[in-house]
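This report refers to the structure that appears directly beneath it.
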Amino acid sequence: MLDKYNPAEIEAKHYQNWQSQGYFQPDMAAAESFSIQLPPPNVTGTLHMGHAFNQTIMDGLTRYYRMKGRNTCWIPGTDHAGIATQIVVERQLAEKGVSRHDLGREAFLEKVWEWKNMSGGTITEQMRRMGCSADWSREYFTMDDTRAEVVTEVFVRLFEQGLIYRGKRLVNWDPVLGTAVSDLEVESVEEQGSMWHIRYPLAERPSESVIVATTRPETMLGDVAVAVHPEDERYRHLIGKELVLPLTGRTIPVIADEYVEKDFGTGCVKITPAHDFNDYEVGKRHDTALINVFDLEAKVLSQAEVFNYKGEVQTGIALPEAYAGLDRFAARKQIVADLEAQGLLVEVKPHTLMTPKGDRTGSVIEPMLTSQWFVAMSAKPNGGEPAGEFAGMSLAEKAKHAVDSGQVKFIPENWVNTYNQWMNNIQDWCISRQLWWGHQIPAWYDSDGRVYVARNQEEAEKLAGKSGLTRDEDVLDTWFSSAMVPFSTLGWPSETEELKAFLPSNVLVTGYEIIFFWVARMIMMTTHFTGKVPFKDVYIHGMVRDHEGKKMSKSEGNVIDPVDLIDGIDLESLLVKRTTGLRRPEKAPQVKKATEKLFPEGIPVFGTDALRFTMASYASLGRSINFDFKRAEGYRNFCNKLWNATNFVLMNTEEKDCGQDETLPLAYSFVDQWIIGRLQQTEAAVAEAFDTYRFDLAAQTLYEFVWNEYCDWYIELAKVQLQTGCESTQRATRRTLVRVLEVVLRLMHPIMPFITEELWQAVAPLANANKTDSIMMAAWPLADNEKIVPTAFEQMAALQDLIGAVRNLRGEMGLAPSVKAPLFVEGGKDLEALLKYVPMMARLTEAKLVDKLPESEDAPVAVCQNARLMLKVEIDKAAETARLNKEAEKLQKALDKLNAKLSKPGYTDKAPAHLVEKDRAELAELEDKMAKVQAQLAKLKD
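Here you go:
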């Protein structure tokens, strides 16, 4: 017998053994490979529900293909997370009153590496808790020496091929961080603002004017034009005319552009191309100047910087002294006041707008014209590529062709539309960041400002023909190094065995939010430098939300930490954990209230296997999931069910003949044949589910087979055979018990690795299946249709109908579980072989085949399989009436309470739809139970 199920004990034991035995490493001798790349989590991060979700899928696939004998390699790593890591270390320094500028670049980077070595492995340790069978010997860090060499090599080659350039372009600028940021690091937040309507007088007739509506009056200092729609009759006569830009005295033209919406605002739009992405494109079409009015801290300049679209400097423009040095929002207040004083402010209207904010700092992002490094998406390379079908294409064309040709498939397929939408409107990629932590750009400048891109300073000086060069201080966008993961982790630029075996990988498992930022860029870089696609399938999973469908957020108090679900945590500790370190401390009461509502008694221990099975059960293609920990509770019970079933099997088979000796006779019953046949169907269904990424179907199939068929039916019927069967029947029963269970454990292993390993170690020897030391190295079960016996299925269906009919009779008669009665069966000669199973399954004294049912006025009769069934039992009417009245009273109280809840004004309109639906379903169920009780009471009165 096994000890009580203790997840923590078996998880620690088996993971250490798996890793020490080298089971996670690939077998390079295997003919066919399966590889998968872990989307590298941020080194600053900790495990969240999204990680638990996609890592369950990735590890499930890895274990599945490993058991199928593939040369399997799951490559793990972490991303250096340039902005996030720098912020973490700067905050630690700030607590000591030190800034990075106090330390200098070199000393600051030493501090970052020190932090990384001490705290940067948190998330990979948590991955081990999840049971991830990644090849940790191949673990990488996107700032390690190997990745640094690859990043430099890629940058230099792209530059030499004319695909990297430096230019002055409009980018997302975070004034607090002092760096350009990607779209992914910008959150659009809905806010209540204002729409200012401003009068722009005509230069030739100041008494006439146009009214411009804007949400950012502070940027008007950089206006270069006012645009109207070319078909707008109101303003057609003004096109080409000059306007006086308020507060500056400059004149700007009225231009016509279809970008303007005639029916929005006044139909007149100010064009400020140096401070708005849409305006930038309008200005480019009309070849306007670009006037930058802010410095890098978003303060108004005294002299505006003027450029053309080639990035060339033009003559500067003096700005009004009253605004010089003011922060943009302080300048806004002053500008609005001055406009009002000069009679140029027509009106101010409330306006709801989406404000772009930096996800790390919360500061409003400013579109800023700055000198940055870019990757050209649509330019053709000037050679230097691998030969093959991708040669000669631009990076964007390569990314499109990889998907259009079917070499890269999206699952679900509809995500191809999202991918193509971005690819068809692609812009050059800004890859420079004004940070210190990251891959420093391999470019050097001489005193004249000429740039030399090289692999190192010595090479740069050779190119320049002189020394004394200064290295570019910017670092590369984190996504630049991440884009190389498919080949930088496999030994490129050398032609390694790993590169041949594991590129392309079989599948990338990731979320939809980084299709543009990572998926597309990996396809570009990998096809460009290797001539191969990085992966064959892209499995896009949904977002994990809370049980009400809300996005999980620390400030909302609905975040669930996967490790808390694995280990359990009491309410007091959970409250401390959730309210400590909040970005917005004022949210603490709200978080506390939400936590107490979700987990009034804390979180019990679920264990890794129950959590993984929960995640698998949710993994339907592409859908976001509403995580309800009650489901995890159900799958923890499923683990207990499997554990207890194994204990039963061991108790009845250990040290007994389980059919290992093939020379001894085996008498298989139709019950044995049925469960063996159903196992074959289950094997086929689970394999198909894994092959098609339908983890939800795999989990559902396994759950139903184990709980409903193996445990609730076969084990109970096997008890009859073990108690009443002959020796050959008992031997066949024991053999079936252990062999079916052993196969089930192998089928479940990819999803529930720990409990299946523990149980398999006990069951495998009895099933003569212990040919390996670990279940994870055992062969994947293959379905054998020849083991499916149709007649056994027919007999089993008849037996289930018979037992179901008897149980219904018991319910109709109101028999308590403790009451046993004889069953009489009339006219069912073909049921005779089934009757021996019925007494134990339906709590009877006996099941007897008769020519005619006994006479009875009270006993109801059921019809099943062309036979008539009767339970003969004397009922104490008074006692039964009292019992039913008591049950009716209890049901009525529950009905009254639920009816009151549903009839409460506003409840059904305001409460979440799924809760209302749940209440209505419960009400219907209670009403059905009440009807049955009343029917039984009526019969007793007759």
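Anchor point for the sequence shown: position 133 equals 141 in my numbering, and the numbering is continuous, going up by one each time.
Note that CB positions come from ideal geometry on N, CA and C, so glycine has one too.
Predicted model only: the values in this text are computed from it and were never measured.
- Close CB contacts of residue 324 within its chain, under the 8 Å cut and outside five residues either way in sequence, are with 311, 312, 313, 314 (chain order).
- Just so you know, the alpha carbons of residue 622 and residue 639 end up roughly 7 Å apart.
- Contact fails between the segment 332-349 and the segment 150-160, because fewer than three Cβ pairs, one in each stretch, are under 8 Å apart.
- Counting the other CB atoms within 10 Å of its CB gives residue 671 a total below 16, which places it among the exposed residues.
- The three-state reading of DSSP puts residue 821 in helix, counting H, G and I together.
- Unbroken beta strand (DSSP E) runs of no fewer than 3 residues, entirely contained in the segment 502-577, are found at 513-519, 543-549, following chain order.
- Taking residue 49 as reference, the option from 83, 68, 71 with the minimal CA-CA separation is 83.
- In the three-state reduction of the DSSP assignment, residue 82 falls in the strand class.
- It is roughly 36 Å from the alpha-carbon of residue 730 to the alpha-carbon of residue 624.
- In this structure, 945 is the residue among 945, 541, 259 with its C-alpha nearest to the C-alpha of residue 885.
- In this structure, the straight-line span from the alpha carbon of residue 351 to that of residue 344 is close to 11 Å.
- Secondary structure at residue 239: coil, using DSSP grouped into helix, strand and coil.
- Shown here, residue 451 sits in a strand according to DSSP, grouped into three states.
- Judged by DSSP in its simplified three-state form, residue 608 adopts strand.
- Bridge pairing for residue 198: 362 [DSSP].
- Residue 375 sits in a strand when the DSSP states are folded into three classes.
- In this structure, residue 133 keeps its C-beta atom at 7 Å or more from the C-beta atom of residue 85.
- In the DSSP assignment, residue 444 forms no beta bridge with any residue.
- Judged by pairs of C-beta atoms under 8 Å, the segment 802-813 does not touch the segment 56-65, as fewer than three such pairs exist.
- Check the Cα spacing between residue 632 and each of 553, 605, 574: the tightest is with 553.
- Within the segment 102-177, no run of beta strand (DSSP E) reaches 3 residues while sitting entirely inside it.
- By the Cβ-count criterion, residue 412 is exposed, with fewer than 16 other Cβ atoms from all chains shown falling within 10 Å of its own Cβ.
- Annotation for residue 744: the continuous alpha helix (DSSP H) segment containing it runs 735-756.
- A distance below 7 Å separates the beta carbons of residue 43 and residue 513.
- Beta-bridge pairing by DSSP links residue 856 to 832.
- For the pair of segments examined, the segment 105-116 was found not to touch the segment 68-79: the number of CB pairs separated by less than 8 Å stays below three.
- By the Cβ neighbour-count rule, residue 191 is exposed, with fewer than 16 other Cβ atoms within 10 Å of its own.
- Counting the other Cβ atoms within 10 Å of the Cβ of residue 549 gives 16 or more, which makes it buried.
- Here residue 673 has 736 as same chain residues with Cβ atoms under 6 Å from its own Cβ, once five neighbours each way along the sequence are excluded.
- DSSP, reduced to helix, strand and coil, places residue 789 outside both helices and strands of the structure shown, so it counts as coil.
- By the C-beta criterion, the segment 679-686 is judged to be in contact with the segment 793-808, since at least 3 inter-stretch pairs fall below 8 Å.
- Residue 614 is a Cβ neighbour of residue 573, given a cutoff of 7 Å.
- When the five nearest sequence neighbours on each side are left out, the beta carbons in the same chain lying within less than 7 Å of the beta carbon of residue 732 are those of 844, in order along the chain.
- Exclusion of the five residues before and after residue 857 leaves 833, 840 as the residues of its chain whose Cβ lies within less than 6 Å of its Cβ.
- With respect to the 7 Å criterion, residue 761 and residue 139 are classified as neighbours on the basis of their beta carbons.
- Counting every other CB atom within 10 Å of its CB across the protein chains shown gives residue 923 a total below 16, marking it as exposed.
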